[in-house]
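With this note's numbering, letter number 95 in the sequence shown gets 909, and the count goes up by one each step, no holes.
We put the CB at the ideal spot given by N, CA and C, even for glycine.
Working notes, structure below.
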Amino acid sequence: MSHAKALKAPPEYPESARPAHVQGLVRPAALQKATQLAFLRFDKTDLDKAQRFWTDFGLITVRRTSDELVMRGAGSAPAVLVARRAKVSRFVGSAFVVPSDTDFGRLQRDSGAQPLAANAVPGGGRGVSLRDPDGHEVWLITDWGVVDPLPTREPLHRHMNTLGHSPRVNATVRTDIEPAIVGRLGHVVMQTTDFHTMANWYMRHLGVIPTDVQYLPDGSLFLTFFRLDLGDTPSDHHTVVIAGGLEARYEHSAWEVVDLDALGQGQQVLRANGHQHMWGIGRHVLGSQLFDYWKDADQFEFEHYTDGDVFTADHETRYVPFSVASIWAWGHDVPASMFPAKTPALLWRAIKLLRSGRITLKRLMLMGQAVDTPARPWL
Ligand SMILES: [Fe+2]
815 MSHAKALKAP
825 PEYPESARPA
835 HVQGLVRPAA
845 LQKATQLAFL
855 RFDKTDLDKA
865 QRFWTDFGLI
875 TVRRTSDELV
885 MRGAGSAPAV
895 LVARRAKVSR
905 FVGSAFVVPS
915 DTDFGRLQRD
925 SGAQPLAANA
935 VPGGGRGVSL
945 RDPDGHEVWL
955 ITDWGVVDPL
965 PTREPLHRHM
975 NTLGHSPRVN
985 ATVRTDIEPA
995 IVGRLGHVVM
1005 QTTDFHTMAN
1015 WYMRHLGVIP
1025 TDVQYLPDGS
1035 LFLTFFRLDL
1045 GDTPSDHHTV
1055 VIAGGLEARY
1065 EHSAWEVVDL
1075 DALGQGQQVL
1085 RANGHQHMWG
1095 IGRHVLGSQL
1105 FDYWKDADQF
1115 EFEHYTDGDV
1125 FTADHETRYV
1135 PFSVASIWAW
1145 GHDVPASMFP
1155 AKTPALLWRA
1165 IKLLRSGRIT
1175 LKRLMLMGQA
1185 VDTPARPWL
């Protein structure tokens, strides 16, 4: 059997050439423009276990008490992750840096924002806490501190020998087997049952720009990769992703490491320490990152990545049909655990969504078809 069709890369249409049947993503005016994804917040039943995973994953402990864990990467951010001890493990929310002239008073009046306590932000700063439409806490902070970056090894690719170009002469490639030191927090992905409401809220409150918008065969929108609007300064292909689905939940977060060899050596360390590998190493299509996915003890997903795309604010939005094939360019097959398991609980959730009118049967079937069509039949 020929797999020629599956070997074709998915089409990508610029906004100006969007197919007629595809809905356009309406962009509301932004209240303020976030300049950085600062840190994520989790509740954890077992802080020791959480700290062990994140340490093996390449984060560095800044502060640890019986009730709280603050971790940083090697970059200048004072924190990239904050965890509190709690009865139930859960993703609490994310924190973004916003400009110092942000009108926090207006956010309190119009968006239900609550001012943050003086010592709430690790590394110092002030700001407010909002709730997105799915109930995740979103902190907008300003005047955030910086710390001195920690030393990391030099990336190897500068000396990579390629066909016709061998800059590495009389020298070998030897990397230490060590955790993939995380430089910084790259992005957070959230699944939602109400794509439009969530997408609109994040565009309005963070000023994020849709880089790639994915749609179902009927042209309805399903998933969008958003980048920060940093003007002429290149910004990651995505910092926030809103993905359609049958649940409102944290999907995964991604953390940038030095290079591909760090990704590989980091995998060895995580495997050796008994952590649960999920998917990788492979290369994504949208965003182009080389990736490696892990699950922590509570089944939350964490992605190591390197070599992601960056775009300036003027780069035109692309529309891409959603398919499993559009998730990755090469590497192992996408694991079944990337999609919801077909359990009675899932069926019940789908029935509830249908009954409440939050999803149509047609959309449910199109989503199911997209997820059930094998992308790489030879894998
Ligand atoms: Fe990702």
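Cβ-heavy atom distance, residue i to ligand 1, below 6 Å
{"i": "Glu-1070", "result": "no"}
{"i": "Glu-829", "result": "no"}
{"i": "Glu-1117", "result": "yes"}
Same chain, Cβ closer than 8 Å to residue i, neighbours up to 5 away in sequence not counted
{"i": "Pro-825", "result": "Val-1134, Pro-1135"}
{"i": "Arg-1172", "result": "Thr-1007, Asp-1008"}
{"i": "Lys-858", "result": "Ala-864, Leu-883, Ala-897, Arg-898, Arg-899, Ala-900, Ser-903, Asp-1112"}
{"i": "Val-1071", "result": "Gly-872, Ala-994, Ile-995, Val-996, Gly-997, Leu-1077, Gly-1080, His-1118, Tyr-1119, Thr-1120"}
{"i": "Phe-1114", "result": "Phe-856, Ser-903, Phe-905, Tyr-1064, His-1066"}
{"i": "Ser-890", "result": "Val-960, Val-961, Asp-962, Pro-963"}
{"i": "Pro-892", "result": "Val-876, Arg-886, Pro-936, Gly-937, Gly-938, Trp-958, Gly-959, Val-960, Val-961"}
{"i": "Ala-985", "result": "His-973"}
{"i": "Arg-1018", "result": "Pro-842, Ala-843, Ala-844, Leu-845"}
Start and end residues, alpha helix (DSSP H) containing residue i
{"i": "Trp-1015", "result": "1009-1020"}
{"i": "Trp-953", "result": "Segment 951-956 is the beta strand (DSSP E) holding Trp-953; no alpha helix (DSSP H) there."}
{"i": "Gly-872", "result": "Premise fails: Gly-872 is in no alpha helix (DSSP H) and is neither H nor E."}
DSSP bridge partner residues for residue i (one or two, in chain order)
{"i": "Lys-1109", "result": "Gln-1090, Glu-1115"}
{"i": "Leu-1035", "result": "Tyr-1029"}
{"i": "His-1098", "result": "Trp-1142"}
{"i": "Ile-1023", "result": "Arg-1041"}
{"i": "His-1001", "result": "Ala-1068"}
{"i": "Pro-828", "result": "Arg-1132"}
{"i": "Asp-1050", "result": "Val-1124"}
{"i": "Leu-1104", "result": "Arg-1097, Thr-1120"}
{"i": "Thr-1006", "result": "Gly-1058"}
{"i": "Arg-877", "result": "Val-884"}
{"i": "His-979", "result": "Thr-976"}
{"i": "Val-996", "result": "Val-1071"}
Same chain, Cβ closer than 6 Å to residue i, neighbours up to 5 away in sequence not counted
{"i": "Arg-1097", "result": "Leu-1104, Ala-1143, Trp-1144"}
{"i": "Asn-975", "result": "Arg-982"}
{"i": "Ala-909", "result": "Ala-852, Phe-853, Trp-953, Ile-955"}
{"i": "Leu-1193", "result": "Asp-1147"}
{"i": "Phe-918", "result": "Val-942"}
{"i": "Gly-1045", "result": "Ala-1127"}
{"i": "Asp-1110", "result": "Phe-867"}
Where the beta strand (DSSP E) through residue i begins and ends
{"i": "Asp-857", "result": "850-858"}
{"i": "Ser-1067", "result": "1063-1071"}
{"i": "Ile-798", "result": "The structure shown does not extend to residue 798, since the chain is modelled only from 815 to 1193, so the question has no answer here."}
{"i": "Met-885", "result": "882-886"}
{"i": "Pro-1194", "result": "With the chain covering 815 to 1193 only, the question about residue 1194 has no answer from this structure."}
Close beta carbons around residue i, own chain, < 7 Å, minus the five adjacent residues each side
{"i": "Pro-1149", "result": "Met-1092, Trp-1093"}
{"i": "Val-1083", "result": "Asp-870, Ile-991, Glu-992, Pro-993"}
{"i": "Val-911", "result": "Ala-848, Thr-849, Gln-850, Ala-852, Ile-955, Thr-956, Trp-958"}
{"i": "Ser-1034", "result": "Gln-837, Arg-1177"}
{"i": "Ser-943", "result": "Ala-927, Gln-928, Leu-930, Glu-951, Trp-953"}
{"i": "Ser-1151", "result": "Met-1092"}
{"i": "His-835", "result": "Gly-1033"}
{"i": "Ser-1137", "result": "Pro-824, Ala-1184, Thr-1187, Ala-1189"}
{"i": "Leu-861", "result": "Leu-883, Ala-897, Arg-899"}
{"i": "Arg-1085", "result": "His-1091"}
{"i": "Arg-832", "result": "Gly-838, Tyr-1133"}
Residue i Cβ short of 6 Å to ligand 2 heavy atom set
{"i": "Gln-850", "result": "Of the ligands this structure carries, namely ligand 1, none is ligand 2."}
Original post:
In the segment 1165-1190, which residue ranges form an unbroken alpha helix (DSSP H) of at least 4 residues, counting only runs that do not cross its ends?
Top reply: 1175-1186, all fully within the segment 1165-1190.
**OP:** May I have a chain-ordered list of the alpha helix (DSSP H) segments no shorter than 4 residues that lie completely inside the segment 889-975?
**Re:** Under the rule that a run must span 4 or more residues, the alpha helix (DSSP H) segments found entirely inside the segment 889-975 read 918-924.
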